[in-house]
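In what follows, a single structure is set out as structure tokens and then discussed.
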Amino acid sequence: MNNAGITTQYGFLFQRKAFILFALENAGTKQTFTFEGRDDIEISADESIYSVKSADASYIQVKSGTISESCFCKVICNWLLFDKESSGTVTLFAENQLDTLVSNITKDIIFDYIIQGKEKKRSSIAWKTYNKFQNPIETDREAFLGIIEKFLQIINIHICSMDELDSRLEKVFFENYCRDITEYQLAKSKRLERFISYMNQEIDNALKAQRPCTLLFADLMKMIMTVCDEISDHRYIAKIPELKKRAKSEATQLVKDNAIREVRQLYLVDKHDEFVIDGIVHELIYKDFRDVYISQKEVEIINLEQNAYENYMNAKFSLDESESSNPKKVYQRTVEMPIGDSLIPDGPVYRKGCYIFLTGDDITEDSQISWGDYDE
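If you read the sequence shown in the working numbering, its first letter stands for residue 2, the second for the next number, and so on.
Spelled out as structure tokens, the structure:
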């Protein structure tokens, strides 16, 4: 099996989270953060290197996967291509240890790597570095070796696994931007998830425009203020289109597996996959809301769902005998009925999601909804 695509996506995830962590840990009014890729078509998917730089001349390169000797040479070349003064702060933020000790990678090894660049493709980092520094390389070899040596002396290699990265993100975000949340601990995680999604959108917009993603301190604070307003102890505002987009892949897989009762019940209503997927998306969005509050407002959630179940029973009784045995009629009459609880957000998405949630396997028999009968 070729796992290059999975490896690439994992690398993107690691690089983006590192950028977000760097911005949060170093936030300040004079800070500007820039996320930009350094691409090299000669290296494999898991050797992509991304960089972060800030207004205080700190440069961080982020690398997931294995760091070989040649990959480390690319890291040094990147700093040379950045026009980076060797007197500043340079850091390699890596998921794994290097294949070899940094002390074994000498300035001569890096120099030879650059020299070999003149024979490589014009898109390669080695070629770009050789082309830029061809004159000093050929006329003053020792001076150029001195520049490389300075990088080797000041480089800081920071090893951080994905789990450690997630823990650090939670720590800095919860401590600095979730102090107002005291009742619902899960709301902190939901707020962080929302913040990361906004940051990812900024990066995506920049990459689509083929430009670096530059984040000013004011932009960072605006995003944080937005998520603080949207998710708190007393407020849960969701951007439905974004939630639907995130939930669709999970819903599609659940429908494909056809292992949960909700899916089988929805197929009784409509045989089209898209209808069933849309229904499961609604359920996942409701469960996202439910998870935030269930630990602290269990009674309110139980009452809300009991109201929904009673609506379902009333809907069935309001239909004539032929209609009450028609899954589509029962479904349509039920989901149009408002649940009438201030806890649940307004709109049909959460309402429909709640009704579909109550068709699940784990719902007690006295509260479980059925659109119709089938051989279970």
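Cβ coordinates follow ideal geometry from the N, Cα and C atoms, glycine included.
The structure presented is a predicted model; accordingly, all values stated were derived computationally and were not measured.
Residues that residue 33 bridges to, as DSSP identifies them
217
Return the CA-CA distance between residue 291 and residue 302, expressed in angstroms with no decimal places.
8 Å
Segments of 4+ residues assigned as alpha helix (DSSP H) that fall wholly inside the segment 121–148:
126–133, 135–140
Backbone CA spacing between residue 111 and residue 206 [nearest angstrom]
35 Å
Note down the Cα distance separating residue 228 from residue 174, rounded to an integer number of angstroms.
12 Å
Separation of residue 255 from residue 281, as counted between CA atoms
8 Å
In whole angstroms, what separates the C-alpha of residue 202 from that of residue 78?
29 Å
Who does residue 232 pair with in a DSSP beta bridge?
237
For residue 379, report the span of its alpha helix (DSSP H) as first-last.
Residue coverage of the chain in this structure runs from 2 to 377, which leaves residue 379 outside it and unanswerable.
Rounded to the nearest angstrom, what separates residue 126 and residue 106 at their Cα positions?
18 Å
Taking DSSP as the reference, what is the three-state secondary structure of residue 158?
strand
Within the continuous alpha helix (DSSP H) that includes residue 335, where are the two ends?
328–336
Tell me the residue span of the alpha helix (DSSP H) that contains residue 210.
No alpha helix (DSSP H) contains residue 210, which DSSP labels as neither H nor E.
Does DSSP classify residue 82 as helix, strand or coil?
helix
Whose C-beta lies closer than 6 Å to the C-beta of residue 200 among residues of the same chain, with five residues either side of it excluded?
21
Can you tell me which of 90, 151, 71, 152 puts its alpha carbon nearest to the alpha carbon of residue 117?
71
Return helix, strand or coil for residue 315, following the three-state DSSP convention.
helix
Closest by C-alpha distance to residue 80, when choosing among 69, 66, 97, 115
115
Cβ neighbours of residue 236 in the same chain (closer than 8 Å, five flanking residues each side left out)
230
On the three-state DSSP scale, how would you describe residue 46?
Here residue 46 scores only 33 on pLDDT, less than 50, and its place in the model should not be relied on; the value that follows carries that caveat. Note: residue 46 maps to helix in three-state DSSP.
Going by Cα to Cα distance, which pick from 334, 250, 259, 181 is closest to residue 225?
181
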